[in-house]
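Numbering (this note's numbering), first residue to last: 3 to 254.
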């Protein structure tokens, strides 16, 4: 896959899946816009690791209503056009219905949907508008196996990703006439810094047992699926949802 001359915007790109995706795109010749919210140090470290020249950091909280428009406008102003948009940023908050009070419950739903769904829908809106001006493009949204199997202690997370899948497929239909392809990658648990920071040893052991590979995905494996959907040869895969969960959850 060759992405020479392509301008790629990746949200949540300072570490984890976003960082791995940025590194892989850069190796394939793309110019990368790295979006991040707070972790400036990690974002600058990722920028320094990218192959090639001309990459740029974009600090923006996409959960703010005007954030997506500002981000897309700043990206296009800097690079001239948007060819590929990877909506990777997302959050997850524990909100077990048996254990939390209503305020925690309601705030978790609001926060998760603001970032995982509403921000992505707004980025898709402004990103698609920019792509229409340049003749087309690719949008890849990062979902989760939780959209299919359920998330008992984080139901808003699973619900936000299920809605993300539906929205992506609706946009794949609507935007096809504009030569804009929309795809989804749905990872299982991935070996990221966030997983290392939040998983207890018992949770980690249980996760490893879920897959016949007895391991979690590596960020680069998820990035590979993202690059496939963004590649020139994958246009007819628009609307597809690719599972990257090591056969830990198989859907019919």
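Where is the CB? At the ideal position from N, CA and C, for every residue including glycine.
Taking buried to mean at least 16 other C-beta atoms within 10 Å of its own C-beta, is residue 38 buried or exposed?
buried
Give the single residue among 123, 203, 196 whose Cα lies nearest to the Cα of residue 171.
Checking every option, the nearest Cα to that of residue 171 belongs to 123.
Note down the Cα distance separating residue 239 from residue 231, rounded to an integer number of angstroms.
Cα to Cα, residue 239 sits roughly 7 Å from residue 231.
Assess contact between the stretch 82–95 and the stretch 105–117, defined as three or more Cβ pairs (one per stretch) separated by less than 8 Å. Is contact present?
Output reads yes: the stretch 105–117 touches the stretch 82–95.
Near residue 162, which residues of its chain fall below 7 Å by C-beta distance, leaving aside the five closest residues on each side in sequence?
114, 115, 118, 119
In the DSSP assignment, find the alpha helix (DSSP H) that holds residue 131 and state where it starts and stops.
That run of the alpha helix (DSSP H) goes 121–136.
Out of curiosity, what's the CA-to-CA distance linking residue 139 and residue 103?
44 Å
Would you kindly work out how many angstroms separate the C-alpha atoms of residue 237 and residue 216, rounded to a whole number?
33 Å
From residue 150 to residue 40, what does the alpha carbon distance come to, in whole angstroms?
In this structure, the straight-line span from the alpha carbon of residue 150 to that of residue 40 is close to 30 Å.
State the DSSP-derived secondary structure class of residue 203, mapped to helix, strand or coil.
helix
Please name the residue in 72, 155, 252 whose C-alpha comes closest to that of residue 101.
155
Among residues of its own chain, excluding the 5 on either side of residue 30, which ones have a beta-carbon nearer than 8 Å to its beta-carbon?
3, 4, 5, 6, 229, listed in sequence order.
Is it the case that the Cβ atoms of residue 243 and residue 184 are separated by a distance below 8 Å?
no
List the DSSP bridge partners of residue 37.
60
Rounding to the nearest angstrom, what Cα-Cα distance links residue 85 and residue 33 in this structure?
10 Å
Do you know offhand how far residue 107's Cα is from residue 251's?
27 Å
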